[in-house]
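Asks: I have a structure here, written as structure tokens, and I will follow up with some questions on it.
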Amino acid sequence: MSLSLLLEQVLNGLQFGMMLFLMSAGLTLVFGVMGLINLAHGSFYMIGAFACAGVAMATGSFFLGLVAALAAAAVAGVLVEMLVIRRLYDRDHLDQVLATFALILVFSEGTRYLFGSFPLYLDVPPLLSGAVALPGGIDYPVYRLAVILAGGLLAVGLFWLVGHTRLGIRIRAGEADREMIAALGVDIDRLYTIVFALGTALAGLAGAIVGTLQSVQVGMGEPVLILAFVVIVIGGIGSIKGALIGALLVGLTDTLGRSLLPVAFAAFLPPSEANAVGSALASLLIYLLMAGVLVFRPSGLFGAVRA
459 MSLSLLLEQV LNGLQFGMML FLMSAGLTLV FGVMGLINLA HGSFYMIGAF ACAGVAMATG
519 SFFLGLVAAL AAAAVAGVLV EMLVIRRLYD RDHLDQVLAT FALILVFSEG TRYLFGSFPL
579 YLDVPPLLSG AVALPGGIDY PVYRLAVILA GGLLAVGLFW LVGHTRLGIR IRAGEADREM
639 IAALGVDIDR LYTIVFALGT ALAGLAGAIV GTLQSVQVGM GEPVLILAFV VIVIGGIGSI
699 KGALIGALLV GLTDTLGRSL LPVAFAAFLP PSEANAVGSA LASLLIYLLM AGVLVFRPSG
759 LFGAVRA
């Protein structure tokens, strides 16, 4: 593999990692602060993708679609938290799993009813179309570079929000001792609603961004949700920094594994077998990475070590 192709795959891994960060940051906030196992988080990713696709096709503006994706996912998150999730905080995790799994079915069938069973396709906006020449002789798509940049800016924004604002102080305090901040007069129900809406909005934004790179279809959120869980296990539950590092590790491991392993096996296997074996092993790499992290850091790279 040439150096230019390797650098291109590294950039692809960063882009994939930034998308996973948007998905997993909301998930780790919800689980860390609210103690909620939310299997329906991937449904908000799907809602964002369909909202963006629908508005973009109706108006011709991808950027209006992004706004619609954020709004639709956040509003859906508020409604779900107030009508369903709020009743689950004092229940055990099995009840949370069953209830949020039921929400997956509701959202999937509701989306199928509104948009049909056929996939939708989004075009890259003209402003971000084309490619840009990078050092090393790489012509890389502008849109993918914009995704990397936007993910980095959002990561900085989340770090600032959690670390340097009054809301962030309450979020961190709610993660540490929710009973205490409730006793101090903080409206815990309102805080939970804000955190849940923030998490679902980030998931919706991730779905909207990916809508131009793959088809928008019912059930598209569940495979990404599995990877998001892997990310927060690697990074540590409740840690935004862990979500970012974990997402980048997973993105790079998955992308480079799918690129390098078939080439490595091609040295002693026929091309068709090398591709099959390399692709199969590449899909296992992120889980091997997770297992390796858990061996040495059971709480994740940046998770709190619990006594």
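With this note's numbering, the residue at position 175 of the sequence shown is 633, and numbering never jumps.
Heads up, the beta-carbon is just placed ideally off N, CA and C, and yes, glycines get one too.
1) When the Cα of Gly475 is compared with those of Pro728, Leu585, Asp712 and Ala722, which residue comes out closest?
2) Is Ile596 helix, strand or coil when you go by DSSP?
3) Quick one: is Ala604 near chain D, going by C-beta distance under 8 angstroms?
4) Anyone know if the C-beta pair for Leu480 and Leu592 falls short of 8 angstroms?
5) Rounded to a whole number of angstroms, what is the C-alpha to C-alpha distance between Tyr601 and Ile639?
6) Can you say whether Ala725 is buried or exposed, counting buried as having 16 or more other CB atoms within 10 angstroms of its CB?
7) Pull up the CB-CB distance for Thr486 and Val582, whole angstroms please, since I reckon it's below 8 angstroms.
8) Using three-state DSSP, classify Val676 as helix, strand or coil.
9) Answer with buried or exposed for His499, where buried requires no fewer than 16 other C-beta atoms within 10 angstroms of its C-beta.
10) Can you tell which of Gln473, Gly512 and Ala483 has the C-alpha that lies nearest to the C-alpha of Val653?
11) Look up Ala591 in the DSSP assignment and say whether it is helix, strand or coil.
12) Identify whether Leu578 lies in helix, strand or coil by the three-state DSSP scheme.
Replies: From the atom records:
1) Asp712
2) strand
3) Looking at the structure shown, chain D is missing, and only one protein chain is on hand.
4) no
5) 43 angstroms
6) exposed
7) The Cβ separation is near 29 angstroms, so there is no contact.
8) coil
9) buried
10) Ala483
11) strand
12) strand
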